[in-house]
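*Asks:* First residue of the sequence shown: 0, per numbering that gives the first Met the number 0; consecutive thereafter.
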Amino acid sequence: MEILHINNEKNKAKTSSIAQDQQPVINKARCMYYNLFGILFIYGELEKKYDKIINILEQIFTNPMNETAKDDIFKLLKELESHQTKNITYEFNELFINNFNTKAINLTMSYYDEGYERGEKYLLAKQLIKKSKFRRNESFVETEDDLGFLCMLNATLLDDTKEESILLAKEIFEKIINPYVNYIIVEILKNTQAIFYKPVARILSSFMEFERIYLDAHMQKYQAFVDKSEALYQEKNPKLKKRQKTPISMEEIVAKADK
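Given below as structure tokens:
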């Protein structure tokens with residue numbers, strides 16, 4: 000199933016201020032990373048794009064963002080080459096779909112913005128997509144503000160190489176992905192069921208930091224998320240210890256998860 004298809008309406012975006020001589024190489028690498036996360040955070044994509052993800056991981060392994068990322072890429076390659084997609088797909092279902100044992104990790108930006116899905120960020124994502132020639136395939140079940148969809152969309156925009164598409168990818172990152180993606184990273188890293196997606200989350204974190212620097216976007220803290228329904232429950236039960244959003248380091252998250 001294709002996530003995106005072409006809409007023939009032309010986009011009339013303004014010119015980009017990013018240095019033109021650096022764009023082709025850097026944007027190709029950015030496209031590769033967005034493709035990686037699009038495949039890993041969309042249900043069923045990993046199985047269909049096994050060869051593609053192996054190719055991406057092998058390429059970024061030769062030029063990783065840091066040594067931790069290199070180790071994490073190696074772990075994913077080793078798992079995929081040993082057991083193909085079986086174990087990672089199973090873990091995806093346990094972390095992001097299965098609500099039987101523990102609450103699944105939500106991948107929509109609206110959830111982390113307002114505490115529920117299909118909120119303002121969902122509407123904004125739909126609005127921004129209309130500025131491009133691409134559209135969400137109606138057979139794709141996730142919403143436009145889903146992390147996997149947004150990554151695949153940005154990969155498609157960067158691959159398009161046109162100035163207006165590159166500008167739109169920047170806008171999508173700044174307005175929708177950047178403010179909330181750290182919540183998802185923290186949720187994965189602190190989850191005791193996460194084995195393969197912890198390396199994915201660390202690689203995602205490194206790439207998001209790169210995007211913030213490269214696009215001159217606002218830096219974000221790592222905070223644990225408390226949804227509004229839980230906050231309301233705590234308000235009605237004042238004797239319970241209140242959980243708050245507090246800044247935490249990546250090291251603290253990993254240390255707690257590994258205990």
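C-beta: ideal position from N, C-alpha, C; glycine also.
Under a three-way DSSP split, which group does residue 323 fall into?
*Replies:* Because residue 323 is not part of the residues shown, which for the chain are 0 to 258, the question remains open.
*Asks:* Is the CB-CB distance between residue 94 and residue 187 below 8 Å?
*Replies:* Within the sequence shown, numbered from 1, the residue matching residue 94 stands at position 95. Within the sequence shown, numbered from 1, the residue matching residue 187 stands at position 188. Residue 94 places its beta carbon less than 8 Å from that of residue 187.
*Asks:* So for residue 172, helix, strand or coil by DSSP?
*Replies:* One-based indexing of the sequence shown puts residue 172 at position 173. DSSP places residue 172 in helix when its eight states are reduced to three.
*Asks:* Using the C-alpha atoms, what's the distance from residue 60 back to residue 51?
*Replies:* Position 52 of the sequence shown, counting from 1, holds the residue named residue 51. Position 61 of the sequence shown, counting from 1, holds the residue named residue 60. One C-alpha to the other measures close to 14 Å.
*Asks:* Suppose you measure from the CA of residue 72 to the CA of residue 115; what does that come to, to the nearest Å?
*Replies:* Locating residue 72 in the sequence shown gives position 73, where the first residue counts as 1. Locating residue 115 in the sequence shown gives position 116, where the first residue counts as 1. Looking at the two C-alpha atoms, the distance is approximately 33 Å.
*Asks:* Go to residue 73, then tell me how far its alpha helix (DSSP H) extends in each direction, as first and last residue.
*Replies:* Within the sequence shown, the letter at position 74 stands for residue 73. That run of the alpha helix (DSSP H) goes 66-82.
*Asks:* For residue 104, which residues of its own chain have a beta-carbon under 8 Å away from its beta-carbon, when the five flanking residues on both sides are left out?
*Replies:* The count along the sequence shown starts at 1 and reaches residue 104 at position 105. Excluding residues within five positions, the ones whose Cβ falls inside 8 Å are 94, 95, 183, 186, 187 and 190.
*Asks:* Can you list, in chain order, the residues of its chain whose CB lies under 6 Å from that of residue 202, leaving out five sequence neighbours each side?
*Replies:* Taking the sequence shown and counting its residues from 1, one reaches residue 202 at position 203. Excluding residues within five positions, the ones whose Cβ falls inside 6 Å are 68 and 71.
*Asks:* Which residue comes first and which comes last in the alpha helix (DSSP H) that contains residue 133?
*Replies:* Along the sequence shown, one-based indexing puts residue 133 at 134. No alpha helix (DSSP H) holds residue 133; the beta strand (DSSP E) holding it covers 133-135.
*Asks:* Any chance you could list the alpha helix (DSSP H) runs of at least 4 consecutive residues sitting entirely within the region 135-168, in chain order?
*Replies:* 146-159
*Asks:* Please classify residue 180 as buried or exposed, where buried requires at least 16 other C-beta atoms within 10 Å of its C-beta.
*Replies:* If you number the sequence shown from 1, residue 180 lands on position 181. Buried, since its Cβ has 16 or more Cβ neighbours within 10 Å.
*Asks:* Applying the criterion that 16 or more other CB atoms from any shown protein chain within 10 Å of the CB defines a buried residue, is residue 23 buried or exposed?
*Replies:* By 1-based counting over the sequence shown, the position of residue 23 is 24. Exposed.
*Asks:* Can you name, in chain order, every residue of its own chain whose Cβ lies under 6 Å from the Cβ of residue 147, other than the five neighbours on each side?
*Replies:* Translated into positions along the sequence shown, residue 147 becomes position 148. Around residue 147: 37, 40 and 41.
*Asks:* Residue 64 and residue 209 - do their beta-carbons sit closer together than 8 Å?
*Replies:* Counting from 1 along the sequence shown, the entry for residue 209 is found at position 210. Counting from 1 along the sequence shown, the entry for residue 64 is found at position 65. Cβ distance < 8 Å, so residue 209 and residue 64 count as in contact.
*Asks:* Looking at the structure shown, is residue 192 part of a helix, part of a strand, or coil, going by DSSP?
*Replies:* Walking along the sequence shown from the start, residue 192 turns up at place 193. It is coil, neither helix nor strand.
*Asks:* Let me know the secondary structure DSSP gives residue 101 once reduced to three states.
*Replies:* As a working note, residue 101 is residue 102 in the sequence shown. In this structure, residue 101 counts as coil in the three-state DSSP scheme.
*Asks:* Helix, strand or coil, according to DSSP, for residue 22 in the structure here?
*Replies:* Here residue 22 is taken as the residue at index 23 of the sequence shown, counted from 1. Residue 22: helix per DSSP, three-state reduction.
*Asks:* Please classify residue 81 as buried or exposed, where buried requires at least 16 neighbouring CB atoms within 10 angstroms.
*Replies:* Residue 81 sits at position 82 when you count from the first residue of the sequence shown. Looking at its Cβ environment, which holds fewer than 16 other Cβ atoms inside 10 Å, residue 81 is exposed.
*Asks:* Could you pull the DSSP bridge partners for residue 107 from this structure?
*Replies:* Residue numbering aside, residue 107 sits at position 108 when the sequence shown is read from its first letter. According to DSSP, which records beta bridges pairwise, residue 107 is partnered with 145.
*Asks:* Do the region 132-149 and the region 159-177 touch if we need at least three Cβ pairs shorter than 8 Å?
*Replies:* yes
*Asks:* Exposed or buried, residue 47, counting other C-beta atoms within 10 Å across all chains shown (16 or more means buried)?
*Replies:* By one-based count along the sequence shown, residue 47 stands at place 48. The residue is exposed, with fewer than 16 neighbouring Cβ atoms inside 10 Å.
*Asks:* What does the alpha-carbon distance come out to for the pair residue 91 and residue 196?
*Replies:* Looking up residue 91 in the sequence shown gives position 92. Looking up residue 196 in the sequence shown gives position 197. Computed Cα separation, rounded: 8 Å.
*Asks:* Can you tell me the Cα-Cα spacing of residue 140 and residue 33, whole angstroms?
*Replies:* Along the sequence shown, read from residue 1 onward, the residue named residue 140 stands at position 141. Along the sequence shown, read from residue 1 onward, the residue named residue 33 stands at position 34. Cα to Cα, residue 140 sits roughly 19 Å from residue 33.
*Asks:* Mapping DSSP to helix, strand and coil, what is residue 117?
*Replies:* Position 118 of the sequence shown, counted from the first residue, corresponds to residue 117. Three-state result, residue 117: coil.
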